[in-house]
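Chains as they are written, first to last, in my numbering: chain A, 1258 to 1674; chain B, 1258 to 1674. Using N, Cα and C, we set each Cβ at its ideal position, and we do this for glycine too. Please read all numbers here as calculations on a predicted model, not as lab measurements. Working notes, structure below.
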């Protein structure tokens, strides 16, 4: 028994029958004595249709109007789920973002929540009413509807859980967080628990399970998250247990009882590109000259490698960036060619980033060198390296992605027994 | 130049291309120097889809949730039209009912507007911004979204026009009000002007051009209405003129300059049914005994005919009611058979009501007798009659509907020259 926010994504509420399935998950938690709020996404396909209409109306359009149009998707799901819950005898009502209110800043289409007044919802939850909340939206300082950007319903759910001091179960089309993408690594194992820090690295390194901002928010407010499947039968015996474990993967603070793994998972991302500037005149301020203008153009640079020539006069600078920004970055740099002072620019979109993640790295030496050796054994060349306290990432030829992920999964002992 | 509310229904905004056409109508009025507010319906088909989802969720559902779901249709259109207007250089923003606010009573799904605060919209209209308003909706005393019931966008538009002291153009798929249904009477003529009273009778007698409540409201607040076509080219020369005439039909207060017609139109309705109670014991209170229980069951009785037997002991009572309520009415009456005291009950759904409407009747004798004679000449039997100051209605066999409408259209000199 406790207070629980349950979040269901677009595939889980794609039609009225699936919404009925969601209602049975909610019913189970209510009958177990929990006070429940549900955060829902738009029915799968709805948001795309609404976005498409906005684009047809005008390719460049007022973000405030876009928000007013697109936020309706979640409002529809919330109303329908409330109806279905009432039908099976569970008191429920729907809430739009502006009704709660979920206050946000004024950055339409990519707003950030600033305050949630959970008092009214909480009062009703204590009286047994389920709050069905339209995700992905709020109300801005201009009293107009804002949206949080795509994937934002995860973030809504965590923020509501923080405001209500509740835990948060994220229902999705996978049943948890795995040591690697199960579509690539057949021996991948589902993790029972993972720390916020590791989940954060996984999310930022390309794992699609949770939206990055939702994990950040959960970590800051210490909201226990669970990633679990909405397609498992609602009456399956494999449900949340009083000790806080459940059928999915719990994302929470690092604790002693946690499985003592050095590496918790292998992540990869194909959304990478690489740019090299050849024979850059090596003088003070050259890095700022290259990366300042890119930052101003809203391009996030990730890995950076710089090799200085034997005489120290010129350097080669190589860096990675999101593949979608490659064209824009080259345009920016070509214009600055004389100012920066380089001879040549080359680029490649055929690269991938593979990462090993684990809080155990902090206290274990040799994690990185094991990675490099495993890849070398398979003949995979490393083009760049970055490290943080709990992850090591390498850039490789994209063609070797699957091979690298499988080799590392085995090397760190993650394969199923 | 003036202040104008333009209303566009579901067919006129059925897709983004049609919304672009609507924007050009708005552009024309803005360029003519008008301050403009636009009231829009949901894109054709959208409301039906939303209603269908609610029914799938539960056949009997919470009207508050139904409203939250169904009101999204108009919000989508409002946002899209605002985007399209901005794209062609016209400042515009969308408004949901709760944002204005349009306050209503708490009768969800069939709410009545109680107050519209037009101050903010008016301020912006004076600055040149077009207000694009989601029709059919408001906010109730419970701070939840309400809807006005189907067809309510006409009523929204008139109420907004009343609040803004504006005139109101209702764009629809016909180009005005005709002397009779042009699908039946090839010689039917479009009227330039018609009085509120006549339009009200037409609307209540089966003409589908305007929603009854919208005409009532226009009459009470003296809002000049125009019914006109949204499919006429926006740049057609046939547009609103400074003298208040326009391409459609103006609905306004009766005035001397108005065409001095005795009869302005012939209306008909097939949504009728007839019930006869045979040999009712004629005693004081018998009418109340019959019609009281029907009123309690929410059944509107229209025409009533009572024939008392020669000895005055028993009567036959015949009355008409909406065809959809026939089954329910018979159930109510069968249960009260002994209490009311009648011998037999008969019914028929094969009846139609045909009406002649005209403010000229007030000062012209012989309108009704001309009607009865015209129908007799065609061999059409009259089953019941009702009259008001400005209309005469008769109940006839449904098979003769077209014949009757055409005969009357000719008899009153309404055919095109």
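TODO: Report buried or exposed for residue 1384 of chain A, applying the criterion of at least 16 other Cβ atoms within 10 angstroms of its Cβ.
DONE: Translated into positions along the first chain, residue 1384 of chain A becomes position 127. The residue is exposed, with fewer than 16 neighbouring Cβ atoms inside 10 Å.
- [ ] Would you verify that the beta carbon of residue 1351 of chain A is, or is not, closer than 8 Å to some beta carbon of chain B?
- [x] Taking the first chain and counting its residues from 1, the one referred to as residue 1351 of chain A is at position 94. Yes - at least one Cβ of chain B is within 8 Å of the one on residue 1351 of chain A.
TODO: Determine whether the Cβ of residue 1364 of chain B lies closer than 8 Å to any Cβ atom of chain A.
DONE: Taking the second chain and counting its residues from 1, the one referred to as residue 1364 of chain B is at position 107. No, residue 1364 of chain B does not count as interfacial toward chain A.
Task: Option in A:1281, A:1300, A:1400 with minimal Cα separation from residue 1269 of chain A - done: On the first chain, residue 1269 of chain A is found 12 positions in, with the first residue counted as 1. Among A:1281, A:1300, A:1400, the Cα nearest to that of residue 1269 of chain A is on A:1300.
TODO: Give me the Cβ distance between residue 1669 of chain A and residue 1614 of chain A, rounded to the nearest whole Å; I'm assuming they're in contact under 8 Å.
DONE: Taking the first residue of the first chain as position 1, residue 1669 of chain A is located at position 412. Taking the first residue of the first chain as position 1, residue 1614 of chain A is located at position 357. With a Cβ gap of about 10 Å, residue 1669 of chain A and residue 1614 of chain A do not count as contacting.
Open item on the list: Could you give the first and the last residue of the continuous alpha helix (DSSP H) run that contains residue 1459 of chain B?
Closed with: The residue you call residue 1459 of chain B lines up with position 202 of the second chain. Run containing residue 1459 of chain B: 1453 to 1461, per the alpha helix (DSSP H) assignment.
- [ ] Decide if residue 1458 of chain A is buried, meaning its Cβ has at least 16 other Cβ atoms within 10 Å, or exposed.
- [x] Taking the first residue of the first chain as 1, we reach residue 1458 of chain A at position 201. Burial call: buried.
- [ ] Determine the closest residue to residue 1228 of chain B out of B:1348, B:1372, B:1528, with distance taken between C-alpha atoms.
- [x] Outside the shown range of chain B (1258 to 1674) lies residue 1228 of chain B, about which nothing can therefore be said.
Open item on the list: By the 9 Å beta-carbon criterion, what residues does the region 1318 to 1332 of chain A contribute toward chain B?
Closed with: Residues of the region 1318 to 1332 of chain A with a C-beta atom less than 9 Å from some C-beta of chain B are 1318, 1319, 1321, 1322, 1323, 1324, 1325, 1326, 1327, 1328, 1329, 1330, 1332, listed in chain order.
Open item on the list: Nearest by alpha-carbon distance to residue 1666 of chain B: which of B:1297, B:1358, B:1436, B:1370 is it?
Closed with: Reading the second chain from its first residue, position 409 is the one you call residue 1666 of chain B. The shortest Cα separation from residue 1666 of chain B among B:1297, B:1358, B:1436, B:1370 belongs to B:1436.
Task: residue 1548 of chain A, DSSP secondary structure in three states - done: Residue mapping note: residue 1548 of chain A aligns to position 291 of the first chain, counting from 1. Reduced to three states, the DSSP call for residue 1548 of chain A is helix.
Open item on the list: Alpha carbons only, please: which of A:1663, A:1619, A:1486, A:1646 is nearest the one belonging to residue 1635 of chain A?
Closed with: The count along the first chain starts at 1 and reaches residue 1635 of chain A at position 378. Residue A:1663 is the option with its Cα nearest to residue 1635 of chain A.
Task: Given 8 Å, three or more beta-carbon pairs between the region 1337 to 1348 of chain B and the region 1280 to 1292 of chain B - done: Contact between the region 1337 to 1348 of chain B and the region 1280 to 1292 of chain B is present: three or more C-beta pairs spanning the two stretches fall below 8 Å.
Task: DSSP-derived helix/strand/coil call for residue 1629 of chain B - done: Against the second chain, residue 1629 of chain B aligns to sequence position 372. Here residue 1629 of chain B sits in helix by DSSP.
- [ ] Report yes or no: do three or more beta-carbon pairs, one from the region 1586 to 1603 of chain B and one from the region 1524 to 1539 of chain B, lie closer than 8 Å?
- [x] yes
Open item on the list: Counting only beta-carbon separations shorter than 8 Å, does residue 1552 of chain A have a partner in chain B?
Closed with: To locate residue 1552 of chain A, count along the first chain from 1; it is residue 295. So, not an interface residue.
Open item on the list: Quick check on residue 1274 of chain B: does DSSP put it in helix, strand or coil?
Closed with: Numbered from its first residue, the second chain carries residue 1274 of chain B at position 17. In the structure shown, residue 1274 of chain B sits in a helix (DSSP, three-state: H, G or I).
- [ ] Please decide whether residue 1337 of chain B counts as near chain A, where near means a Cβ-Cβ distance under 8 Å.
- [x] Along the second chain, one-based indexing puts residue 1337 of chain B at 80. Yes - at least one Cβ of chain A is within 8 Å of the one on residue 1337 of chain B.
Open item on the list: Across the region 1624 to 1632 of chain B and the region 1647 to 1655 of chain B, are there enough close Cβ pairs to call them in contact, namely three or more that are closer than 8 Å?
Closed with: yes
Open item on the list: Once DSSP output is grouped into helix, strand and coil, what is the label at residue 1372 of chain B?
Closed with: For the purposes of this step, residue 1372 of chain B is taken as the residue at position 115 of the second chain. Residue state, collapsed to three classes: strand.
Open item on the list: In whole angstroms, give me the CA-to-CA distance for residue 1413 of chain B and residue 1468 of chain B.
Closed with: If you number the second chain from 1, residue 1413 of chain B lands on position 156. If you number the second chain from 1, residue 1468 of chain B lands on position 211. Each residue's alpha carbon lies about 11 Å from the other.
Open item on the list: So with CB distances below 8 Å, who are the chain B contacts of residue 1295 of chain A?
Closed with: In the first chain, counting from the first residue as 1, residue 1295 of chain A sits at position 38. Within chain B, no residue comes near residue 1295 of chain A; the closest Cβ sits about 14 Å away, beyond 8 Å.
Task: residue 1286 of chain A (DSSP reduced to helix, strand or coil) - done: Taking the first residue of the first chain as position 1, residue 1286 of chain A is located at position 29. In the structure shown, residue 1286 of chain A sits in a helix (DSSP, three-state: H, G or I).
- [ ] Consult DSSP for residue 1555 of chain B and reduce its assignment to one of helix, strand or coil.
- [x] Here residue 1555 of chain B refers to the residue found at position 298 when the second chain is read from its first residue. Correct three-state label for residue 1555 of chain B: coil.
TODO: Would you please verify whether the beta carbon of residue 1600 of chain A is less than 8 Å from any beta carbon of chain B?
DONE: Working through the first chain from its first residue, we reach residue 1600 of chain A at position 343. By this cut-off, residue 1600 of chain A is not an interface position.
Task: Beta-bridge pairing of residue 1352 of chain B - partner residues as DSSP gives them - done: Indexing the second chain from 1 puts residue 1352 of chain B at position 95. BP columns for residue 1352 of chain B point to B:1390.
TODO: Tell me whether residue 1580 of chain B sits in a helix, a strand or coil according to DSSP, three-state version.
DONE: The count along the second chain starts at 1 and reaches residue 1580 of chain B at position 323. Looking at residue 1580 of chain B - three-state DSSP - the assignment turns out to be helix.
Open item on the list: Let me see if you follow: with CB-CB separation under 8 Å, is residue 1400 of chain A close to chain B or not?
Closed with: Within the first chain, numbered from 1, the residue matching residue 1400 of chain A stands at position 143. Yes, because at least one Cβ of chain B sits closer than 8 Å to the Cβ of residue 1400 of chain A.
Task: Members of the region 1650 to 1664 of chain B that neighbour chain A once the beta carbon cut-off is set at 8 Å - done: none
Open item on the list: Please tell me whether residue 1417 of chain B has its Cβ less than 8 Å away from any Cβ of chain A.
Closed with: Numbered from its first residue, the second chain carries residue 1417 of chain B at position 160. In terms of beta-carbon proximity, residue 1417 of chain B stays away from the interface with chain A, with every pair separated by 8 Å or more.
Task: Separation of residue 1292 of chain A from residue 1680 of chain B, as counted between CA atoms - done: Nothing can be reported for residue 1680 of chain B: it is not among the residues displayed for chain B, which extend from 1258 to 1674.
Open item on the list: List, in chain order, every chain E residue whose beta-carbon is nearer than 8 Å to that of residue 1276 of chain A.
Closed with: No chain E appears in this structure, whose protein chains are A and B.
- [ ] Can you pull the chain A residues whose beta carbon is under 9 Å from the beta carbon of residue 1270 of chain B, in chain order?
- [x] The sequence position of residue 1270 of chain B within the second chain is 13, counting from 1. The premise fails here: residue 1270 of chain B is roughly 11 Å from chain A at the closest Cβ pair, so nothing lies under 9 Å.
Task: When A:1294, A:1340, A:1447 are compared against residue 1312 of chain B, the one with the closest alpha-carbon - done: Looking up residue 1312 of chain B in the second chain gives position 55. Measuring from the Cα of residue 1312 of chain B, the nearest candidate turns out to be A:1340.
Open item on the list: In whole angstroms, give me the CA-to-CA distance for residue 1521 of chain A and residue 1315 of chain B.
Closed with: The count along the first chain starts at 1 and reaches residue 1521 of chain A at position 264. The count along the second chain starts at 1 and reaches residue 1315 of chain B at position 58. Spanning the two alpha carbons is a distance of roughly 45 Å.
TODO: Report the three-state DSSP secondary structure of residue 1658 of chain B (helix, strand or coil).
DONE: Taking the second chain and counting its residues from 1, the one referred to as residue 1658 of chain B is at position 401. Helix, per DSSP.
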